[in-house]
Amino acid sequence: MNGALEPLLKVEELKRYFDVSPPALERLLQRKSRAYVKALDGVSFAIRRGETFALVGESGCGKSTVARCVVGLYRPTAGRVVFEGTDLGSLNSRHEMAPLRRRTQMIFQDPYASLNPRWRVRRIVAEPLVTHGLAASKRDLDERVGQLLQQVKLAPADGDKYPHEFSGGQRQRISIARALAAHPEFLVCDEPTSALDVSVQAQILNLMKDLQRDFGLTYLFISHNLAVIYQVSDRIGVMYLGRLVELADTETLFAQPRHPYTRLLLDTIPRLDAAQGAGSEREPVAGEVPNPINPPPGCAFHPRCPFANERCRAERPELIAADGTLVACHAVEEGRLPAELRDTRPVAVA
Amino acid sequence: MASLLEVEHLRVEVPGRRGTLVAVDDISFSIAPGEVLGVVGESGAGKSLTGAAVIGLLEPPLRIAGGQIRFAGKRIDNLPYEAMRRIRGKEIGAIFQDPLTSLNPLYTVGRQLVETIRTHLDLSPAAARERALSLLREVGIAAPEQRIDHYPHQFSGGMRQRVVIALALAANPRLIIADEPTTALDVSIQAQIIALLKRLCRDHGTAIMLVTHDMGVIAETAHRVAVMYAGRIVEIGPVRTIVAEPHHPYTIGLMDSIPKIGERRGRLRQIEGAMPRLNQIPPGCPYNSRCPEAFDRCRRERPDLLPAPGSDAACWLYDPKQSAERSLSAFQEGEEGAQRSGSGLRHAR
Numbered sequence: 411m412n413g414a415l416e417p418l419l420k421v422e423e424l425k426r427y428f429d430v431s432p433p434a435l436e437r438l439l440q441r442k443s444r445a446y447v448k449a450l451d452g453v454s455f456a457i458r459r460g461e462t463f464a465l466v467g468e469s470g471c472g473k474s475t476v477a478r479c480v481v482g483l484y485r486p487t488a489g490r491v492v493f494e495g496t497d498l499g500s501l502n503s504r505h506e507m508a509p510l511r512r513r514t515q516m517i518f519q520d521p522y523a524s525l526n527p528r529w530r531v532r533r534i535v536a537e538p539l540v541t542h543g544l545a546a547s548k549r550d551l552d553e554r555v556g557q558l559l560q561q562v563k564l565a566p567a568d569g570d571k572y573p574h575e576f577s578g579g580q581r582q583r584i585s586i587a588r589a590l591a592a593h594p595e596f597l598v599c600d601e602p603t604s605a606l607d608v609s610v611q612a613q614i615l616n617l618m619k620d621l622q623r624d625f626g627l628t629y630l631f632i633s634h635n636l637a638v639i640y641q642v643s644d645r646i647g648v649m650y651l652g653r654l655v656e657l658a659d660t661e662t663l664f665a666q667p668r669h670p671y672t673r674l675l676l677d678t679i680p681r682l683d684a685a686q687g688a689g690s691e692r693e694p695v696a697g698e699v700p701n702p703i704n705p706p707p708g709c710a711f712h713p714r715c716p717f718a719n720e721r722c723r724a725e726r727p728e729l730i731a732a733d734g735t736l737v738a739c740h741a742v743e744e745g746r747l748p749a750e751l752r753d754t755r756p757v758a759v760a
Numbered sequence: 158m159a160s161l162l163e164v165e166h167l168r169v170e171v172p173g174r175r176g177t178l179v180a181v182d183d184i185s186f187s188i189a190p191g192e193v194l195g196v197v198g199e200s201g202a203g204k205s206l207t208g209a210a211v212i213g214l215l216e217p218p219l220r221i222a223g224g225q226i227r228f229a230g231k232r233i234d235n236l237p238y239e240a241m242r243r244i245r246g247k248e249i250g251a252i253f254q255d256p257l258t259s260l261n262p263l264y265t266v267g268r269q270l271v272e273t274i275r276t277h278l279d280l281s282p283a284a285a286r287e288r289a290l291s292l293l294r295e296v297g298i299a300a301p302e303q304r305i306d307h308y309p310h311q312f313s314g315g316m317r318q319r320v321v322i323a324l325a326l327a328a329n330p331r332l333i334i335a336d337e338p339t340t341a342l343d344v345s346i347q348a349q350i351i352a353l354l355k356r357l358c359r360d361h362g363t364a365i366m367l368v369t370h371d372m373g374v375i376a377e378t379a380h381r382v383a384v385m386y387a388g389r390i391v392e393i394g395p396v397r398t399i400v401a402e403p404h405h406p407y408t409i410g411l412m413d414s415i416p417k418i419g420e421r422r423g424r425l426r427q428i429e430g431a432m433p434r435l436n437q438i439p440p441g442c443p444y445n446s447r448c449p450e451a452f453d454r455c456r457r458e459r460p461d462l463l464p465a466p467g468s469d470a471a472c473w474l475y476d477p478k479q480s481a482e483r484s485l486s487a488f489q490e491g492e493e494g495a496q497r498s499g500s501g502l503r504h505a506r
């Protein structure tokens with residue numbers, strides 16, 4: 411990593427636990443103990459200015475929890491989120507948070523749930539401008555909203571409509587316009603295209619790329635779709651059960667995946683080039699993500715891992731540098747699992 | 158082989174205050190025994206409605222307004238409710254997107270399986286339970302003897318979808334309508350379910366109509382693919398042709414807009430605009446306003462499926478009567494497209 415440049419965002423040993431204990435009386439009578447879901451259990455990464463950092467993983471791996479901690483919707487149980495040198499945990503009032511809140515905005519997965527159905531689009535897009543006092547007058551506000559709508563390829567006249575009059579893709583454009591309203595530097599995008607059809611997804615991803623170039627935005631991009639991540643990101647963190655298992659730049663991760671879970675994820679991508687339909691055979695990896703309340707000891711991936719041994723079952727691996735990537739795997743560290751070179755073949759997921 | 162399911166000129170309408178909208182407009186296809194037909198398209202293209210029409214589960218006011226659906230040679234689109242209910246489940250099974258809403262949360266999975274089995278097959282309770290156990294085993298549920306007495310909430314999403322598949326298989330149907338069966342699942346679980354469906358199809362000769370928006374799932378699973386757009390089938394053909402050498406401009410645009418690993422470009426290719434709403438479908442070809450190839454005739458006349466090399470496409474470019482010049486240029490472009498994807502394939506091998 412480039413040490414001379416201070417990263418825009420640093421996440422250090424981030425932990426976030428959720429209390430899922432049974433009610434107090436039940437604990438008392440049935441001698442049940444407290445229980446926690448360790449949604450994040452020590453996650454560290456840094457995002458440089460102007461880059462797109464992606465987090466990938468299956469549901470329940472904690473990637474959305476990272477997003478919510480980073481924008482300050484959740485308070486970390488432990489660890490720090492540092493935005494341009496300021497620790498989010500040291501800000502104790504809404505007042506102190508406000509300047510940071512303006513500079514970080516979020517785009518959500520579901521464009522149906524994230525827009526107020528009773529507000530006109532004009533008011534939705536203007537809300538951040540009003541909240542942060544960024545418009546001098548009513549006219550200024552209207553003009554700015556018109557500009558924002560044009561930036562996301564909608565017409566200024568669309569401001570008079572309600573969200574239900576738009577399609578999913580257009581609604582996601584409205585979300586993006588709202589996120590851009592306050593001139594943010596950092597956008598947290600939590601599955602921004604997962605609810606959209608592929609042809610619309612391509613439009614939104616292209617729009618996000620254009621905006622990044624035009625405004626020098628930095629993205630934290632969260633998705634379960636590896637092909638989308640391949641197209642948009644500069645660096646990728648792979649998450650499994652609340653931990654980062656591999657962190658690498660995009661080309662390296664796809665050409666030379668190290669962690670067995672990363673390899674599994676790459677193997678599960680349906681391949682378009684091998685389209686033989688029902689004739690093609692692909693052996694899927696068995697097993698599922700284990701229950702996060704009671705994760706397996708040692709490496710959380712060991713029950714599904716073909717390379718697991720005694721050490722993997724007992725001792726939790728930490729992220730260790732290996733050939734320019736960071737990998738949390740005993741097998742890789744001990745040299746039991748050599749790097750696998752893959753030609754990044756044209757494969758695809760819709 | 159004789160077709161198991163034949164759909165001819167099917168038309169589904171939604172009567173509304175401002176006139177009747179046509180949601181599925183004159184589509185025809187067939188499925189052979191043991192065949193997987195993928196039906197792909199964007200939301201609102203009419204693919205789920207087509208599936209619902211086949212199993213007779215269109216929600217009023219939606220109705221079949223024309224055409225025929227024949228199953229094993231017999232018409233099923235005009236059957237009375239009770240007669241259709243006997244076919245549904247026994248002859249035609251269904252798998253839906255959300256496994257949680259397909260299962261009754263108040264009953265154990267065993268009770269639901271036994272009930273379904275006994276509705277359609279003449280079995281004693283004990284024999285039905287045996288069959289339920291073997292179904293659970295077949296769909297890959299570990300320790301079925303214990304799991305059979307569990308409630309749906311005690312299963313994970315992937316396991317629940319397996320239970321739903323077991324339910325659909327309960328009476329050994331000859332056709333399964335699977336509507337987005339993997340969409341709600343994680344990628345690694347998705348791969349397991351796809352493998353399961355393929356195995357069932359091979360072992361039992363079950364035909365599957367696989368409705369999904371996910372071209373990746375189609376490419377892995379289907380033999381043939383029907384691409385739907387604005388209520389019409391715009392292209393239908395073998396999966397290899399549709400994926401590697403599509404002919405209809407919409408299919409070409411759709412395939413191009415799928416992000417691919419291995420060819421990283423600054424931007425994805427995209428189709429401008431959006432699919433028209435049902436009340437805004439233009440005259441002529443429904444795709445004409447977005448189509449880079451559109452010419453006069455496309456704005457006037459609606460194309461039906463025409464034979465193109467390897468598939469059938471509803472596009473005037475493939476009309477032999479079209480002016481020689483026009484079709485020649487289209488043919489060359491098609492060739493280039495084929496070479497482009499063809500070289501990608503060669504590279505992979």
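So the protein lines, in turn, are chains A and B.
Quick note, the first sequence lines up with residues 411 to 760 if you use our numbering.
Quick note, the second sequence lines up with residues 158 to 506 if you use our numbering.
Backbone N, C-alpha and C define an ideal beta-carbon position, used for all residues, glycine too.
Please read these numbers as outputs of a predicted model, since none were measured by experiment.
List, in chain order, every chain D residue whose beta-carbon is nearer than 7 Å to that of residue i.
| i | result |
| --- | --- |
| His404/B | This model lacks chain D altogether, as its protein chains are A and B. |
Measuring straight from C-alpha to C-alpha, what distance separates residue i and residue j?
| i | j | result |
| --- | --- | --- |
| His380/B | Glu192/B | 6 Å |
| Ala300/B | Asp306/B | 11 Å |
| Arg681/A | Arg583/A | 29 Å |
| Gly441/B | Asn635/A | 36 Å |
| Pro330/B | Arg437/A | 48 Å |
| Gly455/B | His404/B | Note on identity: in this sequence residue 455/B is Cys, with Gly being the wrong assignment. In a straight line, the C-alpha of Cys455/B is about 16 Å away from that of His404/B. |
| Gln611/A | Pro237/B | 42 Å |
| Arg512/A | Glu698/A | 39 Å |
| Asp343/B | Ala352/B | 14 Å |
| Arg459/B | Tyr386/B | 13 Å |
| Asp371/B | Asp451/A | 33 Å |
| Thr408/B | Leu674/A | 30 Å |
| Glu422/A | Leu425/B | 34 Å |
| Met366/B | Gly250/B | 10 Å |
| Val562/A | Glu750/A | 41 Å |
| Val642/A | Ser604/A | 14 Å |
| Pro602/A | Arg288/B | 44 Å |
| Ile375/B | Asp453/B | 34 Å |
| Leu630/A | Thr462/A | 6 Å |
Considering only DSSP beta bridges, list what residue i is partnered with.
| i | result |
| --- | --- |
| Met649/A | Leu654/A |
| Tyr427/A | Lys448/A |
| Ala250/B | The displayed chain sequence assigns Gly, not Ala, to residue 250/B. Gly250/B is bridged to Ile333/B. |
| Ser468/B | Ala465/B |
| Met385/B | Ile390/B |
| Arg220/B | Glu170/B |
For residue i and chain B, any beta-carbon pair shorter than 8 Å?
| i | result |
| --- | --- |
| Arg681/A | yes |
| His574/A | no |
| Phe832/A | Nothing can be reported for residue 832/A: it is not among the residues displayed for chain A, which extend from 411 to 760. |
| Ala637/A | yes |
Can you round the beta-carbon distance between residue i and residue j to whole angstroms, since I take them to be within the 8 Å contact cut?
| i | j | result |
| --- | --- | --- |
| Val491/A | Cys479/A | 6 Å |
| Leu654/A | Val453/A | 5 Å |
| Gly708/A | Glu725/A | 6 Å |
| Cys430/A | Ala445/A | This sequence places Val at residue 430/A; Cys is not what is there. That pair is a contact at about 5 Å. |
| Leu178/B | Leu435/B | 4 Å |
| Leu419/A | Ile457/A | 4 Å |
| Gly208/B | Leu167/B | At roughly 11 Å, the Cβ-Cβ gap does not stay under 8 Å, so Gly208/B and Leu167/B are not in contact. |
| Glu170/B | Arg220/B | 6 Å |
| Glu621/A | Leu590/A | Inspection of the sequence shows that residue 621/A is occupied by Leu rather than by Glu. Leu621/A to Leu590/A, Cβ: 7 Å. Contact. |
| Ile534/A | Leu525/A | 6 Å |
| Val164/B | Ser185/B | 6 Å |
Got a sec: is the Cβ-Cβ distance from residue i to anything in chain A below 8 Å?
| i | result |
| --- | --- |
| Gln311/B | no |
| Ser345/B | yes |
| Met372/B | yes |
| Arg174/B | no |
| Lys478/B | no |
| Ile415/B | yes |
| Ile289/B | The sequence as given places Ala at residue 289/B; Ile does not occur at that position. No - not a single Cβ of chain A is within 8 Å of the one on Ala289/B. |
Chain A contacts made by the segment 176–208 of chain B, where a contact means CB separation under 7 Å = Val193, Glu199, Ser200
task = Using a Cβ-Cβ cut-off of less than 8 Å, give me the residues of the segment 602–616 of chain A that come near chain B, in sequence order.
result = Asp607, Val608, Ser609, Val610, Gln611, Ala612, Gln613, Leu615, Asn616
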